[in-house]
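Position 97 (the sequence shown) corresponds to 97 in full-length UniProt numbering; numbering is contiguous.
One structure is given below, encoded as structure tokens.
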Amino acid sequence: MADRLVPVLVALGGFLGATSRYLLGTVVAGSEGTLLANVLGSFVLALAIGVVRSTRLRFFLMTGLLSSFTTYSTFAAETASLGPALGAANVAANYALGFAAAFVGLVAGRRWT
């Protein structure tokens, strides 16, 4: 039987993630804010993989909150508007820092449990 609470948890997480992303953007604007959101999201998602066991909490946090907090479409649009040199640097920074944050999160999650 399907868990009827899951869509509610995803929606609630999505609301909180989108609101958090908006608030982050008021403090750190532009491509720097997007980079920060994506790096933080990568870290927390990877950490959650190792730590969070509850299926409901995974849906809330990973599918809802973190999916709406991080943003590929904004990253792509901002990168395209930066021009070739800065755009390439933005791509490199997002991928390098995102993967590094995910790695640290995975290691931390494994040690935590």
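Cβ atoms here follow ideal geometry from the backbone N, Cα and C, with glycine treated the same way.
Remember, predicted model here, so these are calculated numbers, not experimental data.
Span of the alpha helix (DSSP H) around R53: On the sequence shown, residue 53 is found 53 positions in, with the first residue counted as 1. That residue, R53, is in no alpha helix (DSSP H); it is neither H nor E in DSSP.
Entirely enclosed alpha helix (DSSP H) segments - the segment 16-52, minimum 4 residues: 30-51
Per-residue burial, V27 [other beta carbons within 10 Å of its own, 16 or more giving buried]: Locating residue 27 in the sequence shown gives position 27, counting from the first residue. Under this definition V27 is an exposed residue.
Alpha-carbon to alpha-carbon, A2 and V39: Within the sequence shown, numbered from 1, the residue matching residue 39 stands at position 39. Within the sequence shown, numbered from 1, the residue matching residue 2 stands at position 2. Distance between the alpha carbons of V39 and A2: 33 Å.
Sequence-distant residues of its chain with Cβ nearer than 7 Å to L61 (five each side left out): Position 61 of the sequence shown holds residue 61. Only G13, A48, V52 meet the Cβ criterion.
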